[in-house]
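Q: Chains as they are written, first to last, in the numbering used here: chain A, 1 to 311; chain B, 1001 to 1358.
Right, dumping it as structure tokens:
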């Protein structure tokens, strides 16, 4: 049993590490201007994606946001196609037309990510409706930040999902920031109390670094969706280490302190299981090297691609 | 789908009902709208379909235009064919984020990984005091955006054929603007305009002629047919093209006609700036401005929000008289063209019968 637990933890740590090192490679490559796309890095928030995706099958459909690198990887998207997409190359998952903010991998249930806050939440509700109408046991998951909760369409989506008892899991990744504006300056209400008002079950995970707890909770909630229990709502508190967009740190910009991050570093699984991480580094590095090499070798799209797939 | 004997005449409303019925007969169709299952059933175009096919697929919606449009997109991405109905086009403005930022871009933005097949039905209001927010003709807004297919069916045949094509063959989002004043008009199958292309979304020829090209949209295609009939008896021959699909215009159709007539008049249901008339002019000017023997004439709504008072509304829209007069002036090259004009106002017989509230 202990061994099984260990294997599972290793898989989760590996995924978390892989995402972190991909993001760090992006930072490393960014000054070269090979990645000409705004990047919203997942660093600090990777365990949320890894935990949530563990119990999902490729048929379970996930809708996420422009901070989507972690979900793309955690859901099973291919690394070379990710890197080539960031490079704007033909070999990218969307042939370079998407870039960092619009990652997708439909073969593993990763639907298109949008740069417009909250805009994919109703897509999950609609996908859940389609699944329910045809009697499909698919689970549908939508990921959004605490800022999305202020958008009207979030309310419209919760209402419809609850009214029709749809198999959709709403997940709020709460990093308490919308760009640089803290939650307390934006919301006059309590997020959880508000969600409960729609007669949807709510669950809160205070530590977004607790991989096992997130994965177990996700498994339980997805099972509830599949058994026809109606929508579920989950909030996971987490922390964005990097600036909102771009490769840098911004602790000297005045809106937050480094001490805040250090609190989260204390439970960061990649530090907590530093010995496991050490064993995995070489494999992770060679996986990323291969992806970067693929991107470097992939040709740029051109005139022949400009007007394809418009309609 | 089985092909039954087609009736020889069908009202626009009956055509819409048939289109909705045929769509619902396919198991993956979902219809969303405020009032689809109520006693009025979107002016009778969805009446009874919820009972027949199930209210889990004929879905009464909360007042949440953006959310419902997003739900349609998500359903389309997961294998359904959604049809979203707005009983007034003006309400779709609440859903523009989903239509423009998501539905229109989903295929291209993800490099062809996804299709978003869906139909949005928008009803344009006119007459009986619809006022500024129940009367807008928003085709230019949508047609400006790559990724959207915008149609304005101007006959029962155009409805039946285009909606069947949208539901069964077209893999992208279609925005259809239906004109409320056509709902009670009956169209004879033998008098349907000729489709000038390979699909039901193609342009249509309403009447063949050699003196002037009249390109028109929606209810203005009906006005143009009446004007052309009137003028034919008075020695003016009009080539009337119902644009039907305003987002994808076959330039060859326009240029072939203008090449024969040398004169162009565009009659649209909306405002002129940045509108259909401007787009037709772009097509002609970029290809062969020398084909024109006279300056282009465009007709549309007055450059103001729609007034409610009948006396103002009567002069807000171009009518049969102004349209006929404009064509005659263009063909004869002078204001004093000497051609008798029809006395009746634009579609006056229809308007007189039309009693609100819608």
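We put the beta carbon where it would ideally sit given N, CA and C, even for glycine.
(1) Which residues in the same chain have their Cβ closer than 7 angstroms to the Cβ of residue 47 (chain A), if we skip the five residues on either side of it in sequence?
(2) Taking the alpha-carbon positions, what's the residue 1067 (chain B) to residue 1092 (chain B) distance?
(3) Examine chain B for any beta-carbon lying closer than 7 angstroms to the beta-carbon of residue 221 (chain A), and answer yes or no.
(4) How about residue 209 (chain A): is its C-beta nearer than 7 angstroms to some C-beta of chain B?
(5) Could you name the residues of the segment 1296 to 1313 of chain B whose beta carbon sits closer than 8 angstroms to any beta carbon of chain A, in the order they occur along the chain?
(6) Provide the residue span of the beta strand (DSSP E) that contains residue 1239 (chain B), from first to last.
(7) List, in order along the chain, the chain B residues whose C-beta lies closer than 7 angstroms to that of residue 61 (chain A)?
(8) I need the boundaries of the alpha helix (DSSP H) containing residue 1053 (chain B), first residue and last residue.
(9) Could you tell me which of B:1061, B:1157, B:1215 sits nearest to residue 1188 (chain B), measuring between CA atoms?
(10) At a Cβ threshold of 7 angstroms, is residue 150 (chain A) touching chain B?
(11) For residue 90 (chain A) and residue 1047 (chain B), I'd like the C-alpha separation in whole angstroms.
(12) Are the C-beta of residue 1041 (chain B) and some C-beta of chain A separated by less than 7 angstroms?
(13) I'd like the ranges of any alpha helix (DSSP H) spanning at least 4 consecutive residues and lying wholly in the segment 161 to 212 of chain A.
(14) Under 7 angstroms between beta-carbons, which chain B residues line up against residue 111 (chain A)? List them in chain order, please.
(15) Excluding five sequence neighbours on each side, which residues of the same chain lie with their C-beta closer than 8 angstroms to the C-beta of residue 1165 (chain B)?
(16) Just to confirm my understanding: we take residue 1328 (chain B), look at its own chain, exclude 5 residues before and 5 after, and list those with CB closer than 6 angstroms. What are they?
(17) Report yes or no: do three or more beta-carbon pairs, one from the segment 91 to 107 of chain A and one from the segment 129 to 146 of chain A, lie closer than 8 angstroms?
(18) Which whole-angstrom value is the C-beta distance of residue 1045 (chain B) and residue 1020 (chain B), which I expect to be below 8 angstroms?
(19) Which residues does DSSP pair with residue 945 (chain B) in a beta bridge?
(20) For a contact defined as C-beta to C-beta under 7 angstroms, what are the partners of residue 1149 (chain B) on chain A?
(21) For residue 1109 (chain B), which residues in chain A fall below 8 angstroms Cβ to Cβ?
(22) Please classify residue 1018 (chain B): is it buried, with 16 or more other beta-carbons within 10 angstroms of its beta-carbon, or exposed?
(23) Distance check for residue 1011 (chain B) and residue 1300 (chain B), CA to CA, integer angstroms please.
(24) Which of the three DSSP states, helix, strand or coil, is assigned to residue 1149 (chain B)?
(25) Nearest-angstrom Cα distance between residue 51 (chain A) and residue 216 (chain A)?
(26) So, at 8 angstroms on beta carbons, what are the nonlocal neighbours of residue 1287 (chain B) in its own chain, with the 5 sequence-adjacent residues on each side left out?
(27) Do residue 180 (chain A) and residue 71 (chain A) count as a contact pair if the criterion is CB distance below 7 angstroms?
(28) For the beta strand (DSSP E) that residue 1216 (chain B) lies in, which residues bound it at each end?
(29) Indicate whether the contact test is met: 3 or more Cβ pairs, each with one atom in the segment 1071 to 1081 of chain B and one in the segment 265 to 283 of chain A, closer than 8 angstroms.
(30) Identify every run of the alpha helix (DSSP H) within the segment 6 to 74 of chain A, keeping only runs that are complete inside it and at least 4 residues long; order them along the chain.
(31) With 7 angstroms as the limit, tell me which residues of the segment 1050 to 1065 of chain B have their beta carbon closer than that to any beta carbon of chain A; keep them in chain order.
(32) Looking only at C-alpha atoms, which of A:237, A:153, A:68 sits nearest to residue 203 (chain A)?
A: By the coordinates alone:
(1) 16, 208, 209, 211, 214, 269
(2) 11 angstroms
(3) no
(4) no
(5) none
(6) 1238 to 1242
(7) 1078
(8) 1049 to 1053
(9) B:1157
(10) no
(11) 49 angstroms
(12) no
(13) 191 to 196
(14) 1077
(15) 1199, 1200, 1201
(16) 1337, 1339
(17) no
(18) 6 angstroms
(19) Because chain B in this structure spans residues 1001 to 1358, residue 945 (chain B) falls outside the shown range and cannot be described.
(20) 311
(21) 94, 97, 98, 102, 112
(22) buried
(23) 26 angstroms
(24) strand
(25) 8 angstroms
(26) 1251, 1255
(27) no
(28) 1212 to 1216
(29) no
(30) 46 to 53, 69 to 74
(31) 1056, 1057, 1062, 1064
(32) A:237
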